[in-house]
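For the sequence shown, the numbering used here gives the first residue as 1253, with consecutive numbering after it. Data first, discussion second: the structure below is written as structure tokens.
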Amino acid sequence: MWYLLCKYVLIGPALRLLGRPHVEGLEHIPRTGPVIIAANHLAFIDSLYLALVIPRPLTFLAKQEYFAGTGLRGRCKRWFFTAAGQVPVDRTGGDAAADALAAATAILDGGGAWAIHPEGTRSRDGRVYRGRTGALRVAMATGAPVVPVVLDGTDRMNPRGRKLLRFTKVRITVVHPPRRYPTAVHHAQVRAATDLLMREIATLSGRPYVDRYAATFAV
């Protein structure tokens, strides 16, 4: 209920006013059944715009710390992330990656739509960086199809270091119909498929591709 209330009443109208989102390719999103939405990552509000324009509910995995705050502020943050379709995952322990993949698999086993930014963190300079392999590992293990999505303009609306959002034009492009991947035997197959996915997103976004992880990029 909170997800729909945020989308259509509390948050969605403001996002539409600020970003005037232009969307292409929504017909490629399956109406039912498990699917992985894989998008580039430019700003904190990326997940909000994905949830806003994609017709079916999306579930994201978020750091458990977002849900662990205390006091009024902590309760508000916990409510916000829950209402936005975020599921808490412990990303600090040795089994963090396995726990995250298990949570994603559970979402898909339930017929849900799992949305992820394979880069793992926001791009500091707008370029598209090497993707983490989790999305394709889950896709190859579960048979869930992957739909790549290109976001543009969210970094101009929500630049790093600024709390206030700017008026701008946000574009969301669903690149092509769902693609299924064969079961992988070796990690190299997952790595190659992930690299191809991110290069495809970079090409369609018109942004340069960088073959290293965004978290290692120094400014």
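C-beta: ideal position from N, C-alpha, C; glycine also. Since the model is a prediction, treat every value here as computed from it, not as a measurement.
For residue i: DSSP bridge partner residues
i, result
"Asp1404", "Arg1423"
"Glu1276", "Thr1425"
"Ala1367", "Ile1289"
"Thr1311", "Trp1366"
"Val1398", "Ile1288 and Arg1431"
"Val1380", "Tyr1461"
Beta carbon of residue i nearer than 8 Å to that of residue j
i, j, result
"Ala1365", "Arg1308", "yes"
"Ile1297", "Val1399", "no"
"Gly1271", "Thr1420", "yes"
"Pro1397", "Arg1431", "yes"
"Gly1386", "Leu1417", "no"
"Leu1310", "Val1426", "no"
"Arg1382", "Arg1464", "yes"
"Asp1404", "Ser1457", "yes"
"Thr1406", "Ala1295", "yes"
"Tyr1301", "Val1380", "no"
"Ala1444", "Val1390", "no"
Run of the beta strand (DSSP E) containing residue i, from where it starts to where it stops
i, result
"Val1261", "Where Val1261 is concerned, there is no enclosing beta strand (DSSP E), given that its DSSP letter is neither H nor E."
Nearest to residue i (by Cα), restricted to the options the options
i, options, result
"Val1339", "Gly1323, Phe1312, Arg1408 and His1438", "Phe1312"
"His1439", "Arg1459, Met1392 and Arg1325", "Met1392"
"His1293", "Arg1327, Ile1368 and Leu1267", "Ile1368"
"Met1409", "Leu1269, Leu1257 and Leu1449", "Leu1269"
"Val1341", "Arg1327, Val1287 and Ala1358", "Ala1358"
"Glu1276", "Cys1328, Val1402 and Val1442", "Val1402"
"Val1287", "Tyr1255, Ala1350 and Thr1394", "Thr1394"
Residue range of the unbroken alpha helix (DSSP H) whose run includes residue i
i, result
"His1439", "His1439 to Ser1457"
"Ala1467", "Looking at the DSSP string, Ala1467 is not in any alpha helix (DSSP H), and its letter there is neither H nor E."
"Ala1436", "Unbroken run through Ala1436: none, as it is neither H nor E."
"Ala1391", "Gly1386 to Thr1394"
"Ala1295", "Taken as a continuous stretch (DSSP letters only), Ala1295 belongs to no alpha helix (DSSP H), as it is neither H nor E."
Integer Cβ distance of residue i from residue j, believed to fall under 8 Å
i, j, result
"Thr1446", "Leu1388", "5 Å"
"His1428", "His1280", "6 Å"
"Ala1303", "Lys1259", "6 Å"
"Thr1490", "Ala1467", "Lying before the first or after the last residue shown, residue 1490 is absent from the chain, which here runs from 1253 to 1471."
Check: residue i C-beta below 7 Å from any heavy atom of the ligand NAP
i, result
"Ala1350", "As for the ligand NAP, it is missing from this structure, which has no ligand bound."
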